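**Q**
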Amino acid sequence: MTIAPVQRSTSLGSSAWTDARLILALEEVVEKELDRHLKVAKEWMPHEFVPWSRGRDFPGVLGGEAWEPGDSKVTPLGRVALVVNLLTEDNLPSYHHEIATMFGREGAWGTWVHRWTAEEGRHGIAIRDYLLTTRAVDPDELERARMSHMSEGFASDNAHSMLQSVAYVAFQELATRISHRNTGHYAGCPLADQLLAKIANDENLHMVFYRNLLKAALEIAPDQAMRAIADVVTDFRMPGHGIPGFERAAAQIALGGVYNLRIHLDDVLQPVLRHLKVMEVDGLGPEGLRAQEELGVFLDGLDAQATKFDERQAARLARVAARKQ
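As numbered in our numbering, residues 1298 to 1622 make up the sequence shown, in order.
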């Protein structure tokens, strides 16, 4: 049934859509997307991707063997990226709080919030079980980092706006998918690659849900949605930015080719923006046009930055190759 009449708002004045009105108006879209998601989502078991037979006791109550870097064949880059990915997933309780507070716990919205949380929950479980069983990381350092990161919690940069929250997760879920997928490629372990491919598939389905929701919002409230997209894209940061040592880890991840400016632009921002045909939206009011123009200018600037990064990276790799000769 139709929850609220679909209208187009071309002004950010008194007729602008409030968060409450948008949530009601999009309820039917959420219900449709939830049904689609449940039909295409495939059940998978995290424990099937953990080589339990390779596990050994650690020191402590069981008097096991101390961890050594050589215990695992996971690459140094894979280790860094896996830990960042895991610690990001660990903050799920805070993420759930954010979206449950924003979208509510009733109706189709509430059903989605809980389903999304359940699917996301297995990601952290699977990665941690894999890392500890294969002894890929120092378990003490990992636990201390988890405690530090989760003790800080997570506060969304977009909690003030329902549309910005939807826009953010449309991009962030794809960014997470790319990060997991590339981490698997660079981990140096076929099993880790398979596990992270499963997780990446979940993240892709979540991205499609939010992307389609954002598309509907663009049709209902084009000016507000355009402003939300522009604000999110120009001020985007990953949810794990509060992880201890994040900047250093992010630099290693960027240099290693797991996630960097070029990947962010070409594999995350542009695919979503092209699907939404953001630069082709017409009928915008002054604020919507301003946001659309700001977005175009920012993307051009980001492309220039990414090109500079590519050039520096190519020069660095050439120097490394020359030293090996």
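Every residue, glycine too, gets a C-beta built ideally from N, C-alpha and C. Please read all numbers here as calculations on a predicted model, not as lab measurements.
Can you grab the Cα-Cα spacing for the pair Arg1587 / Leu1511, in whole Å?
**A** As a first step, residue 1587 must be located in the sequence shown, where it is residue number 290. As a first step, residue 1511 must be located in the sequence shown, where it is residue number 214. Arg1587 and Leu1511: Cα-Cα distance of roughly 19 Å.
**Q** So for Trp1406, helix, strand or coil by DSSP?
**A** Here residue 1406 corresponds to residue number 109 of the sequence shown, with the count starting at 1. Residue state, collapsed to three classes: helix.
**Q** Rounded C-beta distance between Glu1584 and Ala1527? I'm assuming under 8 Å.
**A** Locating residue 1584 in the sequence shown gives position 287, where the first residue counts as 1. Locating residue 1527 in the sequence shown gives position 230, where the first residue counts as 1. No, Glu1584 and Ala1527 are not in contact; Cβ-Cβ is about 10 Å, not under 8 Å.
**Q** Less than 8 Å between the beta carbons of Ala1467 and Val1530, yes or no?
**A** Here residue 1467 is taken as the residue at index 170 of the sequence shown, counted from 1. Here residue 1530 is taken as the residue at index 233 of the sequence shown, counted from 1. No, the pair does not count as a contact, with Cβ atoms beyond the cut-off.
**Q** Give the straight-line distance between the Cα atoms of Ser1445 and Val1381, rounded to the nearest whole angstrom.
**A** Taking the first residue of the sequence shown as position 1, residue 1445 is located at position 148. Taking the first residue of the sequence shown as position 1, residue 1381 is located at position 84. Cα to Cα, Ser1445 sits roughly 13 Å from Val1381.
**Q** Let's see if you can read the secondary structure: which residues bound the alpha helix (DSSP H) around Thr1480?
**A** Stepping through the sequence shown from its first residue, residue 1480 is reached at position 183. It spans Met1459 to Tyr1483 - the alpha helix (DSSP H) in which Thr1480 sits, taken as one unbroken run.
**Q** What would DSSP say about Val1303, mapped onto helix, strand or coil?
**A** For the purposes of this step, residue 1303 is taken as the residue at position 6 of the sequence shown. Any reading at Val1303 must be qualified, since the residue scores a pLDDT of 36, below 50, and its modelled position is unreliable; the value itself is stated next. Here Val1303 sits in coil by DSSP.
**Q** In this structure, does DSSP put Leu1309 in helix, strand or coil?
**A** The sequence position of residue 1309 within the sequence shown is 12, counting from 1. Only weak support exists for where Leu1309 lies, its pLDDT of 42 falling under 50; the value from the coordinates is given anyway. Note: Leu1309 maps to coil in three-state DSSP.
**Q** I need the DSSP call for Ala1452, collapsed to helix, strand or coil.
**A** Position 155 of the sequence shown, counting from 1, holds the residue named residue 1452. Correct three-state label for Ala1452: coil.
**Q** With three or more C-beta pairs closer than 8 Å as the rule, is the segment 1479-1499 touching the segment 1550-1557?
**A** The segment 1550-1557 vs the segment 1479-1499: in contact.
**Q** Using the three-state DSSP reduction, which class does Trp1349 fall into: helix, strand or coil?
**A** Position 52 of the sequence shown, counted from the first residue, corresponds to residue 1349. Helix.
**Q** Thinking C-beta only, is Tyr1507 closer than 8 Å to Glu1470?
**A** Position 173 of the sequence shown holds residue 1470. Position 210 of the sequence shown holds residue 1507. Yes, the Cβ-Cβ distance between Glu1470 and Tyr1507 is below 8 Å.
**Q** Are Leu1562 and Ala1497 touching if we call contact CB-CB under 8 Å?
**A** One-based indexing of the sequence shown puts residue 1562 at position 265. One-based indexing of the sequence shown puts residue 1497 at position 200. Contact flag unset, no.
**Q** From which residue to which residue does the alpha helix (DSSP H) around Gly1375 run?
**A** The residue labelled residue 1375 in the question sits at position 78 within the sequence shown. Start and end: Pro1373 to Asp1387.
**Q** What does a CB cutoff of less than 8 Å around Tyr1483 pick up in its chain, not counting 5 residues either side in sequence?
**A** If you number the sequence shown from 1, residue 1483 lands on position 186. Within the same chain, Tyr1483 has close Cβ partners Thr1372, Leu1374, Gly1375, Ala1378, Gly1553, Gly1554 and Val1555.
**Q** Pick from Asn1388, Arg1620 and Arg1545: whose alpha carbon is nearest that of Ser1453?
**A** Numbered from its first residue, the sequence shown carries residue 1453 at position 156. When each option's Cα is compared against that of Ser1453, the closest is Asn1388.
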